[in-house]
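**Q** In case it helps, our numbering puts the sequence shown at residues 255 to 313. We treat Cβ as the ideally placed atom computed from N, Cα and C, and that holds for glycine. I have a structure here, written as structure tokens, and I will follow up with some questions on it.
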Amino acid sequence: MQDIDHEIGEMSFVRTDHVFRLNGTQVEAFSGLETSLFAYLRDGRMEEYRRDAHALRSR
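So, in structure tokens, the structure goes:
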């Protein structure tokens, strides 16, 4: 599941929920990625992803 309405400060994030089993135990986890970076990965635009991910490191 993807929720695109999470904001932290001035940045928007895509949150992806994961539910899986680990040695029979159900595990629920989530990850977050800045919205434009997620779009780059989704669309296979790796050069733009790398450029913008590097630029965001200083924020």
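1. Using three-state DSSP, classify R313 as helix, strand or coil.
2. Who are the near neighbours of Y294 in its chain, counting only those whose CB is closer than 8 Å to its CB and skipping five residues on each side?
3. Per DSSP, which residues does F274 bridge with? Please list them.
4. Just the Cα atoms here: how many angstroms apart are H272 and S266?
5. Hey, out of D297, Q280, E288, R296, whose CA is closest to R311's CA?
**A** Once the coordinates are examined:
1. Along the sequence shown, one-based indexing puts residue 313 at 59. Correct three-state label for R313: coil.
2. Working through the sequence shown from its first residue, we reach residue 294 at position 40. Here the set comprises M300, E302, Y303, D306.
3. Translated into positions along the sequence shown, residue 274 becomes position 20. Answer by DSSP bridge pairing, in chain order: V281.
4. The residue given as residue 272 occupies position 18 in the sequence shown. The residue given as residue 266 occupies position 12 in the sequence shown. Cα-Cα distance, rounded: 20 Å.
5. Residue 311 sits at position 57 when you count from the first residue of the sequence shown. The shortest C-alpha separation from R311 is found at E288.
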